[in-house]
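325 is the number that my numbering gives to position 88 of the sequence shown; each next residue is one higher, with no gaps. Every residue, glycine too, gets a C-beta built ideally from N, C-alpha and C. Worksheet: the structure to be examined is printed underneath.
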Amino acid sequence: MAPLTAVVAPRKLYRLNRSICPTTIVYGCIDPWRVNALLIFLHEELGLEDGEFILMLNPGGIMSLCPHGLASEYFHILELSEFCFKKFSSIRTAVGINHDNCGGYEHVIEKHGPRFLRGMSVGALQMRHLANEWVPHVRLAAQVRPADAEDLRFRAFHMHDSEKDPEAVFFTEVQIG
Ligand SMILES: [Zn+2]
238 MAPLTAVVAP RKLYRLNRSI CPTTIVYGCI DPWRVNALLI FLHEELGLED
288 GEFILMLNPG GIMSLCPHGL ASEYFHILEL SEFCFKKFSS IRTAVGINHD
338 NCGGYEHVIE KHGPRFLRGM SVGALQMRHL ANEWVPHVRL AAQVRPADAE
388 DLRFRAFHMH DSEKDPEAVF FTEVQIG
């Protein structure tokens, strides 16, 4: 077996960007077919450059931060969020994004049974989650920075599958209340 130093011999140098500060923490779904659309949305519609946002991707987006999400994921995401709020005092906005036909939601419904839906359709439950249920949990994580945790701004978006084009999506903002 070749020595490790040979395996990791450098070929190309990549530039760091130490002048950039993250302003936004983004909670979205890992769905690999949708990541490209998500990134373009963050760049073009929210005006965020690479490095200005921290991506917290997990199955189901914000679902794990809502009631009856998967407890193990909930604590994991909460802890990662605390770390980010503590480490980057420049974060002023939290963005939550869900999407149509989400495998993460389907997985939890299979695991917990229909009671997870609380009598709602998946779409209605996603809207309920986006409109308020994830917010207090992120606010809780932001308490590691009590001085400005209250000033944290929240925005929520849903990524809809386009009826006109099966290969395209569009985003709508969901009012938080
Ligand atoms: Zn998903």
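- In its chain, beyond the 5 residues on either side, Val406 have a beta carbon closer than 6 angstroms to the beta carbon of Ala274.
- For the region 242-322, the full-length beta strand (DSSP E) segments reaching 3 residues or more read 261-265 and 290-294 along the chain.
- Neighbourhood of ligand 1, defined by CB distance below 5 angstroms to any of its heavy atoms: Cys266, Asp268, Cys339 and Gly341, in chain order.
- The three-state reading of DSSP puts Phe407 in strand, counting E and B together.
- Counting of Cβ neighbours within 10 angstroms places Asp268 among the buried residues, the total reaching 16 or more.
- Comparing alpha carbon positions, the residue from Arg382, Ser301, Lys324 and Pro383 closest to Glu370 is Ser301.
- In the three-state reduction of the DSSP assignment, Gly333 falls in the strand class.
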